[in-house]
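A.B. asks: Encoded as structure tokens, here's the structure I'll be asking about.
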Amino acid sequence: MEKKREVNETEIQRMKEYLKNNSPFVSNNISHEEFVKGIKNGDLGILFNFEDFDATDLCTGRKMTILSIIHIIFDFLPPVFIIIFSLINLNWWLLIAIPIWYVATILATYTSAHKLSILLLLFTAGNWFARGFHFQDYFTFFPLAFIIPQLLMYIEKDYDIMFVTDALVDDSQLFYEYKDKITISHKTKL
491 MEKKREVNET EIQRMKEYLK NNSPFVSNNI SHEEFVKGIK NGDLGILFNF
541 EDFDATDLCT GRKMTILSII HIIFDFLPPV FIIIFSLINL NWWLLIAIPI
591 WYVATILATY TSAHKLSILL LLFTAGNWFA RGFHFQDYFT FFPLAFIIPQ
641 LLMYIEKDYD IMFVTDALVD DSQLFYEYKD KITISHKTKL
């Protein structure tokens, strides 16, 4: 026969206290005042699924303009740069970088392509040491067309989180409306 261990109330209370203090996530019962205090102290941060809503939905005025400009710069100007660069060098093969750019952007948005990016960066650096740095070289241009959009996507996501956090701190009604779509978490301190 199995012997069941009895758990007394003090152990349950101690376990609940441990989970409360060591859980990375804050419950959704948090008030706006507690949220603002946690954000200003640097104890809390937010996470949200970028597929659920766009950060421009929560931003208004100057912040929405800045966020829209960042989206345009990071999403649409690099392919224009690729076209201009291929025209200057009279090398139409460099236009293959445009679909590579968009595939890398999609991978950065929906998956984690970190390992492939690191391998491509190591390959490119090895190529630079072996053959020298030439930006129009295919072994430099195409891997960078895969790596750079991922870096830009991380910067864009950081701006999104920063502006959404500011919008939620500024407007309590907005906070309560979007509280179920975001995850409020404790920031880890190193």
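Here the sequence shown is numbered in our numbering, starting from 491 and rising by one per residue.
A virtual CB, placed ideally from N, CA and C, is assigned to each residue, including glycine.
Could you tell me whether any Cβ in chain D is nearer than 8 Å to the Cβ of I563?
C.D. replies: Absent from the structure is chain D; it holds one protein chain and no more.
A.B. asks: When you compare only the Cα positions, how much space is there between I556 and T546?
C.D. replies: Along the sequence shown, one-based indexing puts residue 556 at 66. Along the sequence shown, one-based indexing puts residue 546 at 56. Answer to the nearest angstrom: the Cα atoms are 10 Å apart.
A.B. asks: Tell me whether L577 is buried or exposed, calling it buried when 16 or more other Cβ atoms sit within 10 Å of its Cβ.
C.D. replies: As a first step, residue 577 must be located in the sequence shown, where it is residue number 87. Classification of L577: exposed, given that the 10 Å Cβ count is below 16.
A.B. asks: Which residue or residues does DSSP assign as beta-bridge partners of T673?
C.D. replies: Residue mapping note: residue 673 aligns to position 183 of the sequence shown, counting from 1. L537, per the DSSP bridge assignment.
A.B. asks: Mark I645 as exposed unless 16 or more other C-beta atoms lie within 10 angstroms of its C-beta, in which case mark it buried.
C.D. replies: On the sequence shown, position 155 is the one that residue 645 refers to. Flag for I645 reads exposed.
A.B. asks: In this structure, how does DSSP classify L557 when only helix, strand and coil are distinguished?
C.D. replies: Within the sequence shown, residue 557 is the residue found at index 67, counting from 1. Looking at L557 - three-state DSSP - the assignment turns out to be helix.
A.B. asks: Can you tell me whether L584 is buried or exposed, with buried defined as 16 or more other CB within 10 angstroms of its CB?
C.D. replies: In the sequence shown, counting from the first residue as 1, residue 584 sits at position 94. Buried is the call here.
A.B. asks: If you measure between the beta carbons of L534 and H676, is that distance less than 8 Å?
C.D. replies: Within the sequence shown, numbered from 1, the residue matching residue 534 stands at position 44. Within the sequence shown, numbered from 1, the residue matching residue 676 stands at position 186. Yes, the pair counts as a contact, with Cβ atoms nearer than the cut-off.
A.B. asks: H687 by DSSP, collapsed to three states: which one?
C.D. replies: Residue numbering for the chain in the displayed model covers 491 to 680; residue 687 lies beyond these limits and cannot be assessed.
A.B. asks: In the DSSP assignment, the alpha helix (DSSP H) including S576 goes from what residue to what residue?
C.D. replies: One-based indexing of the sequence shown puts residue 576 at position 86. From DSSP, the alpha helix (DSSP H) with S576 extends over 567-579.
A.B. asks: What residue range does the alpha helix (DSSP H) around T550 cover?
C.D. replies: Translated into positions along the sequence shown, residue 550 becomes position 60. From DSSP, T550 is part of no alpha helix (DSSP H); its letter is neither H nor E.
A.B. asks: Consult DSSP for G532 and reduce its assignment to one of helix, strand or coil.
C.D. replies: Numbered from 1 along the sequence shown, position 42 holds the residue referred to as residue 532. DSSP places G532 in coil when its eight states are reduced to three.
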